[in-house]
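Residues 1 to 337, numbered by the working numbering, are exactly what the sequence shown covers, in order. Data first, discussion second: the structure below is written as structure tokens.
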Amino acid sequence: MTAAAFQLISRNQLDPRLIAQVYEEVVQVEKELKIQVGSTVEVVERVGRLTLDAGGKRLRPAFVALAAKSIGVPFIESRLVLLGACMEMIHMATLVHDDVIDNSATRRGRPTASAEFGNTAAILSGDVLLAKAMALLARDGDLEVIRTVSEAVVEMAEGEVRELEVRGDFDLDEASHIDILRRKTASFIQACCEIGALTAGATPAERTALRSYGYHVGIAFQIVDDILDYRGDKSKTGKVIGTDFRDGQATLPLIYLRPTLSEAESKIARKRFGNAAGDDEIRMISDWMDSRGAYAKSEAAADAHVLAAKEALTALPTSVSRDLLETVGDFVLQRNG
Ligand code: FPP
Ligand code: MG
């Protein structure tokens, strides 16, 4: 997470010196990432730099660090830098691949790697990032960490395949949709928290608590992402509005809108879903989502997951890091980009 983002979420409620401790790790992770994206193959390096320089909230390294610190016992802090960089690199690789899958031209307000270098170069360079992340895991050398991360990567990739399978399904049910969110987003955030816990030698109960926190925050994160896909401010999200609808990907706002549509409205929506919807049609669907309470219901679902995440944290000793994990949960709900 960037220093600015942390300042924003903490809203001066926390001791700045303690927040500064997290900055330090993030600064070190950033240094490691700069080293890691270097390559003797020019395109690989350019894809890595483009993805890194586009910014991002660096939430995953922050989850690793805060989860470890929340256990409250001494541990080897340099592992957080290695593992934080590893998780951010996997995340970068997945975004590069995801932008190929979603045919996205921009992310974080910049051209995606696939738009800049073509799909093949983007996919292969993403593979390099993933492989380098695996090498970092090997350098850390903890088998349980390796197992946890590998399982999450499997879930993520399977989640993307499931998403592909349901593409074009206007009537996708909520449970199947949430299962996709679990796989493609929550499993990885869950793993970040879990490996943080493992680094600090957490008890099984603490590990479970942080897993649960990561799961719920991850689901909330993706629900908010999916709301922003419809109603976000492009200048803040850096993404084209309505991509999910244009791609025929049913997400929570649409799932909650469906039962409120008249037969005629439903016919219009179905016709345009995944089928070259224009900006005006996206705006019309978004207005319906607003006026029929589909956004409000989606937001309530995200709120409930953050509440469950905070509830899971109560199994941990009170600490500044635990407080920070709570505020990260709030940040996930408040973010607009
Ligand atoms: C963003 O979803 C994408 C993910 C959360 C997961 C991407 C995972 C893969 C491509 C498979 C695994 C790949 C590797 C390299 C292991 P989104 O499209 O809903 O969000 P967006 O709005 O940010 O694009
Ligand atoms: Mg995408």
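Just so you know, even glycine gets a beta-carbon here, dropped at the ideal spot from N, CA and C.
A buried status is given to Glu194, since no fewer than 16 other beta-carbon atoms sit within 10 Å of its beta-carbon. Just measuring C-alpha positions, the residue of Ala93, Pro253 and Asn336 sitting nearest Ser235 is Asn336. When DSSP states are grouped into helix, strand and coil, Thr199 belongs to the helix group. In this structure, Asp173 has its beta carbon at no less than 7 Å from each heavy atom of ligand 2. Not a single heavy atom of ligand 2 lies less than 7 Å from the C-beta of Ser187. Relative to the non-hydrogen atoms of ligand 2, the Cβ of Asp226 never comes closer than 7 Å to any of them. Judged by beta-carbon spacing, Leu80 lies within the 8 Å limit of Thr199, meaning their Cβ atoms are closer than that value. With respect to Leu95, Arg107 sits close: the two C-beta atoms are nearer than 8 Å.
In the three-state scheme derived from DSSP, where H, G and I count as helix and E and B as strand, Thr106 is classed as strand. Runs of the alpha helix (DSSP H) spanning 4 or more residues and lying entirely within the stretch 59-94 occur at 59-70, in chain order.
Within the stretch 169-222, the complete alpha helix (DSSP H) segments of 4 residues or longer fall at 174-181 and 187-199, listed in chain order. Judged by DSSP in its simplified three-state form, Pro111 adopts strand. In its chain, beyond the 5 residues on either side, Ala200 and Gly201 have a beta carbon closer than 7 Å to the beta carbon of Val73. Within the same chain, Ala315 come within 7 Å of Ala205 by CB-CB distance, once the 5 residues on both sides are set aside. Taking every residue with its beta carbon within less than 6 Å of a heavy atom belonging to ligand 2 gives, in chain order, Asp98, Asp102 and Ser104.
The straight-line gap separating the alpha-carbon atoms of His97 and Ala191 is approximately 20 Å. Between the alpha carbons of Glu174 and Ala301 lies a gap of roughly 11 Å. For Glu25, the number of other beta carbons within 10 angstroms of its own is at least 16, and it is reported as buried.
Leaving aside the five residues that flank Ile146 on each side, the residues in its chain whose CB is nearer than 6 Å to its CB run, in chain order, Leu137.
Membership of Arg147 in the alpha helix (DSSP H) is indicated by the continuous run Leu143 to Val166. Between the stretch 58-73 and the stretch 313-333 there are three or more C-beta pairs closer than 8 Å, enough to call the two in contact.
DSSP, read as helix, strand or coil, puts Asn275 in coil.
Ala54 sits in coil when the DSSP states are folded into three classes, being neither helix nor strand. Rounded to the nearest whole angstrom, the CA to CA distance from Ser176 to Ala264 is 26 Å. With distances taken between CA atoms, Val41 lies nearest to Leu129 out of Ala65, Arg231 and Leu129.
Looking at Arg182, Glu116, Lys239 and Trp288, the one whose alpha-carbon comes closest to that of Gly214 is Arg182.
Non-local C-beta neighbours of Asp142 in its own chain, meaning closer than 7 Å and more than five positions away in sequence, comprise Leu198, ordered along the chain.
At least one heavy atom of ligand 1 lies less than 7 Å from the C-beta of Glu160. Under the three-state reduction of DSSP, Ala315 is assigned to coil, being neither helix nor strand.
In the DSSP assignment, Arg322 falls within the alpha helix (DSSP H) that extends over Val320 to Gln334.
Between the stretch 155-162 and the stretch 251-263, the count of C-beta pairs closer than 8 Å stays below three; the two stretches do not touch.
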